[in-house]
Amino acid sequence: MPKPTGDGAALLRAICDAPEEDTPRLAYADWLDEQGGESNVARAEFIRTQIAEEAKGVEHLNRRPLTPREIALYRTHYLDWKAELPEYPGLSLSGESPYGFGYDRGFVYQLYAKSVRSYLKAAPDLFARVPVTEVRFQTITPQTGAELAKSPALARVRTLDQLVGLPDEALREIGGSPHLRNLNRLIVSGREITMAGVGPLLANPAVTRLKEFRSSDCRTVGPGVAAALLASASAAVLEVLGLDNNRVTAAPGPRLAELLRLPKLRRLYLGSNGLGDEGVAWLAGVAPANALSMNLGFNGVTDRGGAALLAGPLLRSPGVRAGLHGNQFSDAVKAQLKAAFGDRVGV
Numbered sequence: 022m023p024k025p026t027g028d029g030a031a032l033l034r035a036i037c038d039a040p041e042e043d044t045p046r047l048a049y050a051d052w053l054d055e056q057g058g059e060s061n062v063a064r065a066e067f068i069r070t071q072i073a074e075e076a077k078g079v080e081h082l083n084r085r086p087l088t089p090r091e092i093a094l095y096r097t098h099y100l101d102w103k104a105e106l107p108e109y110p111g112l113s114l115s116g117e118s119p120y121g122f123g124y125d126r127g128f129v130y131q132l133y134a135k136s137v138r139s140y141l142k143a144a145p146d147l148f149a150r151v152p153v154t155e156v157r158f159q160t161i162t163p164q165t166g167a168e169l170a171k172s173p174a175l176a177r178v179r180t181l182d183q184l185v186g187l188p189d190e191a192l193r194e195i196g197g198s199p200h201l202r203n204l205n206r207l208i209v210s211g212r213e214i215t216m217a218g219v220g221p222l223l224a225n226p227a228v229t230r231l232k233e234f235r236s237s238d239c240r241t242v243g244p245g246v247a248a249a250l251l252a253s254a255s256a257a258v259l260e261v262l263g264l265d266n267n268r269v270t271a272a273p274g275p276r277l278a279e280l281l282r283l284p285k286l287r288r289l290y291l292g293s294n295g296l297g298d299e300g301v302a303w304l305a306g307v308a309p310a311n312a313l314s315m316n317l318g319f320n321g322v323t324d325r326g327g328a329a330l331l332a333g334p335l336l337r338s339p340g341v342r343a344g345l346h347g348n349q350f351s352d353a354v355k356a357q358l359k360a361a362f363g364d365r366v367g368v
């Protein structure tokens with residue numbers, strides 16, 4: 022598509038420069054109304070509707086489901102809106118989907134990049150036209166990881182998603198970048214990833230806004246991740262920790278309990294970590310700072326750990342829910358847990 026010019030281009034740049042802010046988006050909606058035309062007016066309504074829905078502050082497990090009105094607007098006009106998106110070799114934007122899930126407060130926010138270099142080449146033009154905040158890379162090598170880490174374009178990214186099976190060297194290069202100051206969500210997975218890969222990012226003093234960290238199925242990350250998270254510059258703002266199948270074990274001891282005291286934590290996933298009775302006992306003895314959803318399934322917990330859960334403050338704390346499936350409780354202890362905590366526990 023031709024590059025936007027004049028007021029439209031200036032408004033888009035303002036949105037890209039401050040993607041968390043609603044005011045520039047609403048100003049762009051007003052501008053679209055002024056331009057007239059069915060597609061523009063529909064897009065203006067779509068922007069305002071999405072902003073209003075997000076402002077309700079309802080928490081969802083993943084992305085907020087679209088309302089019927091959003092779906093109707095999008096399905097009617099998405100081909101027109103798609104035609105307005107820029108195209109770059111090796112990149113694809115989420116607005117190309119006919120389902121509308123790739124829009125946040127009226128604008129495309131997800132980018133899929135086949136390589137780091139295709140992303141870096143497009144970045145100067147891209148970030149003047151599309152307020153992308155979430156990037157998924159197909160391939161990152163140690164060399165291109167170092168190139169990404171040096172680029173100010175990394176500061177545009179709020180979410181690095183699906184960093185699957187990266188070599189530790191590549192993740193370590195990215196993790197040490199001074200341009201990660203806006204990162205608030207990181208998702209990595211793969212048994213090749215160890216603390217040597219994730220450790221530098223968690224220790225990076227520039228990473229102060231990380232709200233969600235997931236290292237699911239990183240089976241060799243190990244128990245050191247608990248201490249690294251507690252010591253991180255983002256500890257005070259962490260809301261979601263996905264540590265399923267990291268082989269955390271009971272080795273962190275009291276540090277496991279300290280995770281529950283993180284001031285903003287709302288979800289903690291510790292399934293399939295070999296916590297055993299000892300690890301669960303550490304957790305059971307703590308009253309969390311907040312209402313908390315937990316996964317403690319498939320941890321080899323027996324009736325001894327069940328007794329600790331029944332006696333301790335963890336599950337008695339308001340708003341705490343725990344998945345305990347796949348452990349080794351007797352039927353009697355399962356019944357006691359259900360009698361004590363009802364549907365707040367799954368056994």
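Residues in the sequence shown are numbered from 22 upward in steps of one, following the working numbering.
Heads up, the beta-carbon is just placed ideally off N, CA and C, and yes, glycines get one too.
Here the structure is a predicted model, which is why all the values come from computation and not from measurement.
Check	Outcome
Is V62 helix, strand or coil by DSSP?	helix
Looking at the secondary structure, which residues open and close the alpha helix (DSSP H) in which R193 lies?	189-196
Can you tell which of M216, G123, A249 has its C-alpha closest to the C-alpha of R96?	G123
Which residues bound the alpha helix (DSSP H) around A329?	324-332
Quick check: the segment 197-204 against the segment 170-186, are there 3 or more CB pairs under 8 Å?	yes
Consult DSSP for F128 and reduce its assignment to one of helix, strand or coil.	strand
From which residue to which residue does the beta strand (DSSP E) around A343 run?	342-344
For A343, which option in R287, S139, V228 has the closest C-alpha, if you only look at C-alpha atoms?	R287
Could you tell me whether the segment 97-111 touches the segment 42-57, using the rule of 3 or more Cβ pairs below 8 Å?	no
Using 8 Å as the Cβ pair cut-off and three pairs as the minimum, do the segment 190-199 and the segment 219-238 touch?	yes
Hey, is the segment 223-238 in contact with the segment 247-259, meaning 3+ C-beta pairs nearer than 8 Å?	yes
Note down, in chain order, each residue of its chain lying with its Cβ closer than 7 Å to the Cβ of A143, except the 5 sequence neighbours on either side.	Y109, L112
Tell me, which residues are paired with V79 by DSSP?	In DSSP, V79 forms no bridge with anything.
Checking 9 Å against the spacing of the C-beta atoms, do L169 and V137 come in under that value?	yes
Among all the DSSP beta bridges, which residues are the ones paired with G367?	G344
So what does DSSP say about F158, is it helix, strand or coil?	strand
For I68, I'd like the list of residues in its chain whose CB is within less than 8 Å of its CB, leaving aside the five on either flank, ordered along the chain.	R46, L47, Y49, A50, L53, R126, G127, F128
Is DSSP giving F148 helix, strand or coil here?	coil
So, with DSSP's three-state summary, where would you put L207?	strand
Could you tell me which of G367, D324, L313, A272 sits nearest to E80, measuring between CA atoms?	L313
Quick check on this structure: which residue in E91, Q56, V322 has the alpha carbon closest to the alpha carbon of A73?	E91
Since G292 and G318 should fall inside the 8 Å C-beta cutoff, what is the C-beta to C-beta distance between them, to a whole number of angstroms?	4 Å
From A167 to Y133, what distance separates their C-alpha atoms?	19 Å
Let me confirm a value: S115 is counted as buried when at least 16 other C-beta atoms fall within 10 Å, else exposed. Which label applies?	buried
Quick check: what's the CA-CA separation for P163 versus F362?	48 Å
Taking Cβ to Cβ, would you say D265 is nearer than 9 Å to N205?	no
Answer with buried or exposed for E41, where buried requires no fewer than 16 other C-beta atoms within 10 angstroms of its C-beta.	exposed
Residues in its own chain within less than 6 Å of H346 by CB, not counting five upstream and five downstream?	G318, G367
Evaluate E55 with the Cβ neighbour count: other Cβ atoms within 10 Å of its Cβ, from every protein chain shown; 16 or more gives buried, anything less gives exposed.	exposed
Starting from L358, follow its DSSP beta bridges and name the residues at the other end.	DSSP, once it has assigned bridges, lists no residue as partnering L358.
How is S338 classed by DSSP in three states: helix, strand or coil?	coil
Could you give the first and the last residue of the continuous alpha helix (DSSP H) run that contains Y290?	Unbroken run through Y290 is the beta strand (DSSP E), 288-290; no alpha helix (DSSP H).
For G263, which of helix, strand or coil comes out of DSSP?	strand
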